[in-house]
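Participant: Below you'll find the structure I mean.
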Amino acid sequence: MKSIRLGKTELQVSELGFGGIPIIPLGFEEGVAIVRYCFDKGINFFDTANMYADSEKKIGAALGSVRDKVIIATKTLKRDAEGTAAHIARSLDNLQTDYLDLFQFHNIATDEELKQVLAPDGAMKAVREAMAVGKIKHIGFSSHNIDTAVRVCQTGLFSTIQFPFNFIEKEPLDELFQVAREFDMGIIAMKPLGGGLLESAALCFKYLQQYPDIVPIPGISTREELDEILALYESPQSLSQVDKDEIERIRTDLGKDFCHRCRYCLPCEQEVQISDVMIFRSMAARLAPNVAVALSKGAMESVDNCTDCEECLAKCPYNLAIPEIIREQRKNFDQIASQF
Ligand code: SF4
Ligand code: SF4
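In our numbering, the protein residues as written are -2 to 337.
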């Protein structure tokens, strides 16, 4: 597999990376075996987070013996120095390593969160301290919010950005990725298969291969999934007119209720957890149904608070019919939850 330069980190990562969420529902040994299979097939870039259940532990167990041959990225949702220091220690332990190649601030969703990270006692302080003693090599961030992400890039403090990017979510091409390139940041595409909603891997990766400086990190939970994607990298093909027409058809079809998790609609005065509810369909597609139900229960119950005030409608840049969609998702959730 080809390697590409991950921006100013100067890390050489495989052109296809590994996303650590879909190994969560697998048994421990099965998860370890999949991670190891991906390594054996040429992937050297593994992304995870300590909030992904035992994903870090599975990756650590699979790659401990080949640590010097892989590039490991993980993340924290903490915004304060103390909590972040504890998370760094936990990730090092889980991943069976004494350094993290890339440590990312997970889902910086607002300018306020960026301020918290950069405050004197903020998360960045702990990361700088860990860098000074060699426990962290590079700093990055992830986000779903384009406006905030642009401002995070413009601080010049981060070496990588991780953002959703696929043929349904192509908005970051307009400005965000250009800004990231100006700052020589590595660009990591999360959700290259639309968070499990895009069924054709061929279409997804043909689309992404138009952008060879962007590293997709699909979640892989079976050998067959990896083999299918690898075949697309061994014999890359450009998009045909038939492919382009199909992409347009899917965009039109899914665009009506495809949530980009940007959180512009929040806060809701009734404390409906709108974006967490909106993504239930995607979670159910990627995770085992009982796991998706357990993770979404609180958010789905918040739908009952909705008063149809419609304030969120005006805030959603994608014109999604939020009150209607969250109720559909609640019904969908109830149906799946009733099986357990
Ligand atoms: S319509 Fe419902 S979800 Fe939207 S802001 Fe009002 S209460 Fe919240
Ligand atoms: S509902 Fe709209 S505004 Fe809210 S997170 Fe989804 S795409 Fe963003």
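All C-beta atoms in this analysis are idealised placements derived from N, C-alpha and C, irrespective of residue type, glycine included. Just so you know, these numbers come straight off a predicted model, no measurement behind them.
Using the Cβ count rule (16 or more neighbours within 10 Å means buried), how would you classify Asn302?
Facilitator: In the sequence shown, the residue the question calls residue 302 occupies position 305. With fewer than 16 other Cβ atoms within 10 Å, it is exposed.
Participant: Using the rule of at least 16 other Cβ atoms within 10 Å of the residue's Cβ for burial, across every protein chain shown, is Arg162 buried or exposed?
Facilitator: Counting from one through the sequence shown, the residue named residue 162 turns up at place 165. Looking at the sequence provided, one finds Phe at residue 162 rather than Arg. Buried, because 16 or more other Cβ atoms sit within 10 Å of the Cβ of Phe162.
Participant: Is it the case that the Cβ atoms of Ala282 and Leu227 are separated by a distance below 8 angstroms?
Facilitator: Numbered from its first residue, the sequence shown carries residue 282 at position 285. Numbered from its first residue, the sequence shown carries residue 227 at position 230. No, the pair does not count as a contact, with Cβ atoms beyond the cut-off.
Participant: Let me know the alpha helix (DSSP H) ranges lying completely inside the segment 169 to 197, each 4 residues or longer, listed in chain order.
Facilitator: 173 to 179
Participant: Does at least one heavy atom of ligand 1 sit under 7 angstroms from the Cβ of Asp301?
Facilitator: As a working note, residue 301 is residue 304 in the sequence shown. Result no, Cβ not under 7 angstroms from ligand 1.
Participant: Roughly how many angstroms lie between the CA atoms of Ile21 and Ala50, to the nearest whole one?
Facilitator: As a first step, residue 21 must be located in the sequence shown, where it is residue number 24. As a first step, residue 50 must be located in the sequence shown, where it is residue number 53. C-alpha separation (whole angstroms): 6 angstroms.
Participant: With DSSP collapsed to three states, give me the class of Ser0.
Facilitator: On the sequence shown, position 3 is the one that residue 0 refers to. Three-state result, Ser0: strand.
Participant: Are the beta-carbon atoms belonging to Val124 and Phe100 less than 8 angstroms from one another?
Facilitator: By one-based count along the sequence shown, residue 124 stands at place 127. By one-based count along the sequence shown, residue 100 stands at place 103. Contact flag set, yes.
Participant: State the Cα-Cα distance for the pair Leu97 and Asp118, rounded to the nearest angstrom.
Facilitator: Numbered from its first residue, the sequence shown carries residue 97 at position 100. Numbered from its first residue, the sequence shown carries residue 118 at position 121. In a straight line, the C-alpha of Leu97 is about 22 angstroms away from that of Asp118.
Participant: Any idea what DSSP makes of Ile158, helix, strand or coil?
Facilitator: If you number the sequence shown from 1, residue 158 lands on position 161. Three-state result, Ile158: strand.
Participant: If Pro19 and Ile217 are in contact, beta carbons under 8 angstroms, what's the gap, nearest whole angstrom?
Facilitator: As a working note, residue 19 is residue 22 in the sequence shown. As a working note, residue 217 is residue 220 in the sequence shown. Yes, Pro19 and Ile217 are in contact; Cβ-Cβ is about 7 angstroms, under 8 angstroms.
Participant: Straight-line CA distance for Ile184 to Pro215?
Facilitator: For this step, residue 184 is matched to residue 187 along the sequence shown. For this step, residue 215 is matched to residue 218 along the sequence shown. Those two C-alpha atoms are separated by around 14 angstroms.
Participant: What is the chain-ordered set of residues for which the beta carbon lies under 6 angstroms from any non-hydrogen atom of ligand 1?
Facilitator: That query returns the following residues: Cys265, Gln267, Val269, Ile271, Cys303, Thr304, Asp305, Cys306, Glu307, Glu308, Cys309, Ile319 and Pro320.
Participant: Cβ of Pro314 versus every heavy atom of ligand 2: is any distance shorter than 7 angstroms?
Facilitator: Taking the first residue of the sequence shown as 1, we reach residue 314 at position 317. In this structure, Pro314 has its beta carbon less than 7 angstroms from a heavy atom of ligand 2.
Participant: Kindly identify the DSSP beta-bridge partner or partners of Asp65.
Facilitator: Numbered from its first residue, the sequence shown carries residue 65 at position 68. Note: Asp65 sits in no beta bridge, so no partner.
Participant: How many angstroms separate the CA atom of Glu298 from the CA atom of Cys313?
Facilitator: Residue 298 sits at position 301 when you count from the first residue of the sequence shown. Residue 313 sits at position 316 when you count from the first residue of the sequence shown. Looking at the two C-alpha atoms, the distance is approximately 21 angstroms.
Participant: If we call anything under 8 angstroms between Cβ atoms a contact, is Arg76 one with Gln113?
Facilitator: Here residue 76 refers to the residue found at position 79 of the sequence shown. Here residue 113 refers to the residue found at position 116 of the sequence shown. In this structure, Gln113 lies closer than 8 angstroms to Arg76 by Cβ.
Participant: According to DSSP, which residues form a beta bridge with Gln9?
Facilitator: Here residue 9 refers to the residue found at position 12 when the sequence shown is read from its first residue. BP columns for Gln9 point to Arg2.
Participant: What separation, rounded to the nearest whole angstrom, lies between the Cα atoms of Ala199 and Ala116?
Facilitator: Residue mapping note: residue 199 aligns to position 202 of the sequence shown, counting from 1. Residue mapping note: residue 116 aligns to position 119 of the sequence shown, counting from 1. Between Ala199 and Ala116, the C-alpha separation is close to 44 angstroms.
Participant: Can you give me the C-alpha to C-alpha distance between Val269 and Glu231, rounded to a whole angstrom?
Facilitator: Along the sequence shown, one-based indexing puts residue 269 at 272. Along the sequence shown, one-based indexing puts residue 231 at 234. If you take the alpha carbons of Val269 and Glu231, they lie about 45 angstroms apart.
Participant: In angstroms, rounded to a whole number, what distance separates the CA positions of Gly24 and Glu243?
Facilitator: Here residue 24 corresponds to residue number 27 of the sequence shown, with the count starting at 1. Here residue 243 corresponds to residue number 246 of the sequence shown, with the count starting at 1. Near 36 angstroms, if we compare the C-alpha coordinates of Glu243 and Gly24.
Participant: On the criterion of 16 or more Cβ atoms from any shown chain inside 10 Å, does Thr249 qualify as buried, or is it exposed?
Facilitator: Position 252 of the sequence shown holds residue 249. Classification of Thr249: exposed, given that the 10 Å Cβ count is below 16.
Participant: Excluding five sequence neighbours on each side, which residues of the same chain lie with their C-beta closer than 7 angstroms to the C-beta of Lys122?
Facilitator: Residue 122 sits at position 125 when you count from the first residue of the sequence shown. Here the set comprises Ala78.
Participant: Does Gln326 pass the burial test, meaning 16 or more other C-beta atoms within 10 Å, or should it be called exposed?
Facilitator: In the sequence shown, counting from the first residue as 1, residue 326 sits at position 329. Buried.
Participant: I'd like to check one pair, Lys54 with Val32: are the Cβ atoms closer than 8 angstroms?
Facilitator: As a position in the sequence shown, residue 32 is number 35, starting the count at 1. As a position in the sequence shown, residue 54 is number 57, starting the count at 1. Contact: no.
Participant: For ligand 2, I want to know if His257 counts as a neighbour, meaning its beta carbon is within less than 7 angstroms of at least one of the ligand's heavy atoms.
Facilitator: For the purposes of this step, residue 257 is identified with residue 260 of the sequence shown, where counting begins at 1. Yes, ligand 2 has a heavy atom inside 7 angstroms of this Cβ.
Participant: Taking 7 angstroms as the cut-off, does the CB of Met280 come closer than this to any heavy atom belonging to ligand 2?
Facilitator: Counting from 1 along the sequence shown, the entry for residue 280 is found at position 283. Met280: no, Cβ never under 7 angstroms from ligand 2.
Participant: For the candidate residues Asp108, Gln206 and Glu7, whose alpha-carbon lies nearest to that of Ile68?
Facilitator: The residue given as residue 68 occupies position 71 in the sequence shown. With respect to the C-alpha of Ile68, the residue from Asp108, Gln206 and Glu7 having the closest C-alpha is Glu7.
Participant: Can you list, in chain order, the residues of its chain whose CB lies under 7 angstroms from that of Asn41, leaving out five sequence neighbours each side?
Facilitator: As a first step, residue 41 must be located in the sequence shown, where it is residue number 44. Around Asn41: Val10, Ser11, Lys66, Val67 and Ile68.
Participant: My parser needs the alpha helix (DSSP H) runs of 4 or more residues fully inside the segment 223 to 302; what are they?
Facilitator: 238 to 252, 271 to 275, 277 to 283 and 286 to 299
Participant: How far does the alpha helix (DSSP H) with Val114 in it extend, from its first residue to its last?
Facilitator: Position 117 of the sequence shown, counted from the start, is the residue given in the question as residue 114. Where Val114 is concerned, the enclosing alpha helix (DSSP H) stretches over Asp108 to Leu115.
Participant: Give me, in chain order, the residues of the same chain whose beta-carbon lies closer than 7 angstroms to that of Lys38; leave out the 5 immediate sequence neighbours on both sides.
Facilitator: For this step, residue 38 is matched to residue 41 along the sequence shown. Excluding residues within five positions, the ones whose Cβ falls inside 7 angstroms are Leu223 and Leu227.
Participant: Is Leu351 helix, strand or coil by DSSP?
Facilitator: Any property of residue 351 remains undetermined from this structure, which presents the chain solely from -2 to 337.
Participant: With a CB to CB cut of under 6 angstroms and the five nearest residues on each side skipped, what residues in its chain are close to Tyr34?
Facilitator: Here the question's residue 34 lines up with position 37 in the sequence shown. Excluding sequence neighbours, Tyr34 sits near Arg220.
Participant: Grab me the residues of Gly153's own chain with a C-beta within less than 8 angstroms of its C-beta, minus the 5 sequence neighbours each way, in chain order.
Facilitator: Residue mapping note: residue 153 aligns to position 156 of the sequence shown, counting from 1. These residues qualify, in order along the chain: Phe180.
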